[in-house]
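Participant:
Residue numbers (my numbering): 486 to 780.
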């Protein structure tokens with residue numbers, strides 16, 4: 486049976502309080518909401534009895550099926566009362582869960598660009614830490630024998646390691662196939678297409694990515710830079726989706742972003758622990774590998 490057909494038939498069995506009575510919409514909705522809460526409790530109670538009684542409760546699956554059916558009825562009734570389509574709800578939920586837990590197809594976002602304007606698919610980036618003239622730690626980033634960007638300090642009163650934050654941009658490039666910041670530093674802006682150059686590779690994209698890198702850094706700083714953590718809070722990922730939905734990287738899923746952020750922090754921890762090092766990347770495999778600096 487299709488969801489929409491079930492929804493129509495289920496609501497046809499909804500009972501009125503009295504013959505000919507039409508209760509207020511808010512009252513009907515409250516009845517359905519309370520009914521849903523009650524039936525959800527019945528589902529839990531049925532399984533509790535199964536755990537308690539074991540094989541002695543032989544009909545528990547039949548009872549569970551009935552209780553789940555009642556839950557479904559109330560869900561359908563609530564959807565109808567609020568003018569929502571149960572089929573649309575199911576499709577939207579499936580899209581949400583797939584986006585949250587399944588990575589997207591690993592196609593490169595700039596595959597249509599000329600080769601010299603594409604982000605590199607593999608390579609090694611060196612993070613070299615020295616002390617500047619003020620005696621503060623300073624990091625320069627190198628690839629293929631040339632320095633990328635300017636030397637970075639923490640720009641903070643605290644020695645918090647932010648000088649290594651370019652590794653977050655590297656993780657975005659390697660795992661998401663997106664980094665306006667690295668594209669700029671590598672001289673690979675898509676100037677052959679002025680519209681893409683402005684809308685995707687321009688200042689707005691760069692500022693957005695920098696904001697995301699700091700957002701990820703601040704989030705990680707509250708959670709020991711994600712050491713021992715393999716899941717990221719959904720509201721955090723929702724905020725990223727909101728900030729990036731107008732860019733090409735909006736095609737990436739929450740699962741993609743989760744991996745990029747976790748891997749970025751894994752590399753960040755290594756760089757900070759060793760005072761620098763190199764990070765090899767393979768964008769086709771979405772892999773980052775750390776090597777400590779020479780001793």
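Note that beta-carbon positions come from the ideal geometry of N, C-alpha and C, so glycine has one too.
Looking at C-alpha atoms only, which residue of 771, 757 and 770 is the closest neighbour of residue 647?
Facilitator: What you label residue 647 is simply residue 162 of the chain shown in a count that begins at 1. Minimum Cα distance to residue 647 is reached at 757.
Participant: For the segment 665-751, list the alpha helix (DSSP H) runs that are entirely contained and at least 4 residues long, ordered along the chain.
Facilitator: Whole alpha helix (DSSP H) segments, 4+ residues: 665-670, 679-684, 688-706 and 719-729.
Participant: From what residue to what residue does the alpha helix (DSSP H) around residue 584 run?
Facilitator: For this step, residue 584 is matched to residue 99 along the chain shown. Its alpha helix (DSSP H) spans residues 571-586.
Participant: How many angstroms separate the CA atom of residue 575 from the CA atom of residue 494?
Facilitator: As a working note, residue 575 is residue 90 in the chain shown. As a working note, residue 494 is residue 9 in the chain shown. Rounded to whole angstroms, residue 575 to residue 494 spans 17 Å at the Cα level.
Participant: Determine the direct distance from the alpha carbon of residue 497 to that of residue 741, and round the result to whole angstroms.
Facilitator: Taking the chain shown and counting its residues from 1, the one referred to as residue 741 is at position 256. Taking the chain shown and counting its residues from 1, the one referred to as residue 497 is at position 12. Those two C-alpha atoms are separated by around 43 Å.
Participant: So which of 539, 733, 743 and 731 has the shortest CA-CA distance to residue 720?
Facilitator: Here residue 720 corresponds to residue number 235 of the chain shown, with the count starting at 1. Of the listed residues, the one whose Cα sits closest to residue 720 is 743.
Participant: May I have the straight-line CA-CA distance separating residue 660 from residue 606, to the nearest angstrom?
Facilitator: Along the chain shown, one-based indexing puts residue 660 at 175. Along the chain shown, one-based indexing puts residue 606 at 121. Their backbone Cα atoms lie some 10 Å apart in a straight line.
Participant: At what residue ranges does the segment 634-659 contain a whole run of the alpha helix (DSSP H), taking only runs of 4 or more?
Facilitator: DSSP runs (the alpha helix (DSSP H)) wholly in the segment 634-659: 651-656.
Participant: Skipping 5 residues on each side, what residues in its chain have a beta carbon closer than 6 Å to that of residue 760?
Facilitator: Working through the chain shown from its first residue, we reach residue 760 at position 275. Excluding sequence neighbours, residue 760 sits near 614.
Participant: Classify residue 679: buried if its beta carbon has 16 or more other beta carbons within 10 angstroms, exposed otherwise.
Facilitator: Translated into positions along the chain shown, residue 679 becomes position 194. Its Cβ having fewer than 16 others within 10 Å, residue 679 is exposed.
Participant: Count the other CB atoms within 10 Å of the CB of residue 577; is the residue buried (16 or more) or exposed (fewer)?
Facilitator: Reading the chain shown from its first residue, position 92 is the one you call residue 577. By the 10 Å Cβ count, residue 577 comes out exposed.
Participant: Taking residue 557 as the reference, give the member of 672, 528, 500 and 540 with the closest Cα.
Facilitator: Against the chain shown, residue 557 aligns to sequence position 72. The option with the nearest alpha carbon to residue 557 is 528.
Participant: Pair every Cβ in the segment 653-671 with every Cβ in the segment 743-752, then say whether three or more of these pairs are closer than 8 Å.
Facilitator: As far as the Cβ criterion goes, the segment 653-671 touches the segment 743-752, which means the pair count is three or higher.
Participant: Rounded to the nearest angstrom, what separates residue 710 and residue 567 at their Cα positions?
Facilitator: Within the chain shown, the letter at position 225 stands for residue 710. Within the chain shown, the letter at position 82 stands for residue 567. In a straight line, the C-alpha of residue 710 is about 43 Å away from that of residue 567.
Participant: Are residue 677 and residue 623 touching if we call contact CB-CB under 8 Å?
Facilitator: The count along the chain shown starts at 1 and reaches residue 677 at position 192. The count along the chain shown starts at 1 and reaches residue 623 at position 138. Going by C-beta atoms, residue 677 is not nearer than 8 Å to residue 623.
Participant: With three or more C-beta pairs closer than 8 Å as the rule, is the segment 629-644 touching the segment 681-695?
Facilitator: The segment 681-695 vs the segment 629-644: no contact.
Participant: Taking only three categories from DSSP, how would you classify residue 765?
Facilitator: Taking the first residue of the chain shown as 1, we reach residue 765 at position 280. Three-state result, residue 765: strand.
Participant: In the DSSP output, which residue or residues are listed as bridge partners for residue 628?
Facilitator: The count along the chain shown starts at 1 and reaches residue 628 at position 143. Answer by DSSP bridge pairing, in chain order: 610 and 631.
Participant: Buried or exposed: which applies to residue 599, given that a residue is buried once 16 or more other Cβ atoms fall within 10 Å of its Cβ?
Facilitator: Position 114 of the chain shown, counting from 1, holds the residue named residue 599. So residue 599 ends up on the exposed side.
Participant: Who are the near neighbours of residue 561 in its chain, counting only those whose CB is closer than 7 Å to its CB and skipping five residues on each side?
Facilitator: By 1-based counting over the chain shown, the position of residue 561 is 76. Answer for residue 561: 491, 492, 495, 496 and 571, listed in chain order.
Participant: Exposed or buried, which one is residue 768 when buried takes at least 16 other CB atoms within 10 Å?
Facilitator: As a first step, residue 768 is located in the chain shown; it is residue number 283 there, counting from the start. So residue 768 ends up on the buried side.
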